[in-house]
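Below is one structure, written out as structure tokens, with a few remarks after it.
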Amino acid sequence: MAFTYSLYPPDWTDIATSIKSSAKWRCQKCQLQCIRPGEDTSKLTRSERMKLTLQTHHWDRNPSNNSRNNLAALCSGCHLLYHRGGKSNVSPGQLSLW
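Per numbering that gives the first Met the number 0, the very first residue in the sequence shown carries number 0; after that it's consecutive.
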């Protein structure tokens, strides 16, 4: 799902940061400790940085509903799984290396 800025309120960055901070920068599904603001990531690969990026998820998928009980802090992997409906992108009969 592409991020469309116009669908989010002007204070979205503050809202998202508050949710992530409340979760102590840890994924609320898998408990992965993610990168905090200002943390040195110079020794991480791009792939590692992406994996350790915490995102804010809307349970109802409505970006205008920013009530705290509709938002969760998820690592990029868990966030992607929720948006795929728990399905991987591997088609039946396709080889998966994971």
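Built from N, CA and C at the ideal position, the CB exists for glycine as well.
Treat the numbers as computed from the prediction; the structure is a model and nothing was measured.
Just grab the DSSP bridge partners of H57 for me.
Locating residue 57 in the sequence shown gives position 58, where the first residue counts as 1. Looking at the DSSP assignment, H57 forms a beta bridge with L70.
Where R35 sits in the DSSP three-state scheme
Residue 35 sits at position 36 when you count from the first residue of the sequence shown. Coil, per DSSP.
Kindly give me the distance between the Cβ atoms of K28 and C77, rounded to whole angstroms, as I take these residues to be in contact under 8 Å.
Counting from one through the sequence shown, the residue named residue 28 turns up at place 29. Counting from one through the sequence shown, the residue named residue 77 turns up at place 78. Their Cβ separation, rounded to whole angstroms, is 4 Å, which keeps K28 and C77 in contact under 8 Å.
So, with DSSP's three-state summary, where would you put R25?
Indexing the sequence shown from 1 puts residue 25 at position 26. Residue state, collapsed to three classes: strand.
How is L43 classed by DSSP in three states: helix, strand or coil?
Walking along the sequence shown from the start, residue 43 turns up at place 44. In this structure, L43 counts as coil in the three-state DSSP scheme.
Candidates A22, C26, T52 and S17: closest to I34 by CA position:
By 1-based counting over the sequence shown, the position of residue 34 is 35. Checked all of A22, C26, T52 and S17; the closest Cα to I34 is T52.
Alpha-carbon spacing of W58 relative to L70, whole angstroms:
Start at 1 with the first residue of the sequence shown, and residue 58 comes out as number 59. Start at 1 with the first residue of the sequence shown, and residue 70 comes out as number 71. Near 6 Å, if we compare the C-alpha coordinates of L70 and W58.
For a test of the three-state rule: what should DSSP assign to G76, helix, strand or coil?
Reading the sequence shown from its first residue, position 77 is the one you call residue 76. In the structure shown, G76 sits in a helix (DSSP, three-state: H, G or I).
Since T55 contacts K19 with CB under 8 Å, what's their CB separation in whole angstroms?
Start at 1 with the first residue of the sequence shown, and residue 55 comes out as number 56. Start at 1 with the first residue of the sequence shown, and residue 19 comes out as number 20. Indeed they touch by this definition, with Cβ atoms about 7 Å apart.
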